[in-house]
Each structure stands twice: as C-alpha cells, then as structure tokens.
Amino acid sequence: MLNFFKEELLNAEQTVAFGGRLSAACKQPVCIYLHGDLGAGKTTLTRGFIQGLGHIGHVKSPTYTLVEPYELADWQVYHFDLYRLGDPEELEFMGIRDYFTATSHCLVEWPERGEGILPSPDIDLTLRYVDQQRIVELQANTEVGQQVLNKL
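Residue 25 in numbering that gives the first Met the number 0 sits at position 26 of the sequence shown; the count goes up by one each step and never skips.
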C-alpha cells in the first residue's frame, strides 16, 4: 500500500486533470487537507476534482463563505477555505461535523486554521511551485488514503 505519491504538473490544465484523476480514485468518502501558498493551485485542483465527479459549471474559491457545497449524483463535495477563519470555534457554530458524512468528500484549504476542530485527514495534499511548474505531493494518513493513492 502506498503512503506517498508525487507528480509534476506543468500547468493549470494538468492541475485540473490531476484533480479529476484524484476524484476518480475516491470510491468512498474522503477528507483531503490542501496545503500550499496562496496561488499554488489548491482551488484549481479542487475544480478538477469536482468536475471529475460530474459537476458542470463554475467552481469558485469559498474564501469569503468558508464552504462551497456541490450536490452531485453520487456525492456531496464540500470545498472549505479557512484562510479568513478568525477562530477555530467558528467551525463549531457552522456545524462542521455535519459536513463529514458517508456520502461526502471534503477538501479543506488552510486546514491548520481549524486545528483541534476538524477531523483528521485521509490525505494531506501539498502543492508547491518549482520554477514554472507545480509539484503535487500526497501523504496517506489512513487506509482510505492508501487506497486512493494506490488507484492513482
């Protein structure tokens, strides 16, 4: 079973395509923490993930709303962006635990801002720039995470 996966992404199109491959590998509910600097491609990858599950339309960053829900045929996908979160306790007030269900995929940008409140991730995904391309690294933290990495 794989615990670590790494790939080079040459441009935004490959980042979107990788997100689609990642969603295709998720056959059961998954929680993915997205790490990386501002502009590293976290929302771009999330767009590919959500579109890979059948969403047609715009995928936007939930920077101001904290969460964007996507109701799809087989899944609910919740895209969190905690960059502007003032206090992790705010997550309790919004009912954060209700989002992590047996029919949902949760992708969380800036998860360190919700530390102590968020559930542990199945996968820690890090995007970083190297010259003009991105490197994506995935660390599986659970058996579910390992299964996803094996399918990639």
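Beta carbons: idealized from backbone N, C-alpha and C, even for Gly.
- Ranked by how close their Cα comes to the Cα of Q138, the residues Y128, S119, V129 have S119 in first place.
- A buried status is given to T43, since no fewer than 16 other beta-carbon atoms sit within 10 Å of its beta-carbon.
- Residue environment for F17: buried (at least 16 other C-beta atoms within 10 angstroms of its C-beta).
- Along the segment 55-133, the beta strand (DSSP E) occurs as fully enclosed runs of 3 or more residues at 66-70, 75-80, 103-108, 122-129, listed in sequence order.
- In this chain, K5 is not harboured by any alpha helix (DSSP H); it is covered by the beta strand (DSSP E) spanning 3-8.
- Contact check for P87 against Y32 fails: the beta carbons are separated by 9 Å or more.
- The beta carbon of C25 sits closer than 7 Å to the beta carbons of H104, V147 from its chain, once the five residues preceding and following it are set aside; these are given in chain order.
- Per DSSP, L44 lies in no beta strand (DSSP E); the unbroken alpha helix (DSSP H) holding it starts and ends at 41-51.
- In terms of Cα proximity to E12, the closest of L37, Q50, R112 is Q50.
- Here L37 carries a coil assignment [DSSP, helix/strand/coil].
- Following the DSSP letters along the chain, one finds N149 inside the alpha helix (DSSP H) bounded by residues 142-150.
- Here F4 has L137, L148, L151 as same chain residues with Cβ atoms under 6 Å from its own Cβ, once five neighbours each way along the sequence are excluded.
- In the DSSP secondary-structure assignment, L137 is bridged to F4, L124.
- Residue pairing by DSSP places V15 opposite no residue, since no beta bridge is assigned to it.
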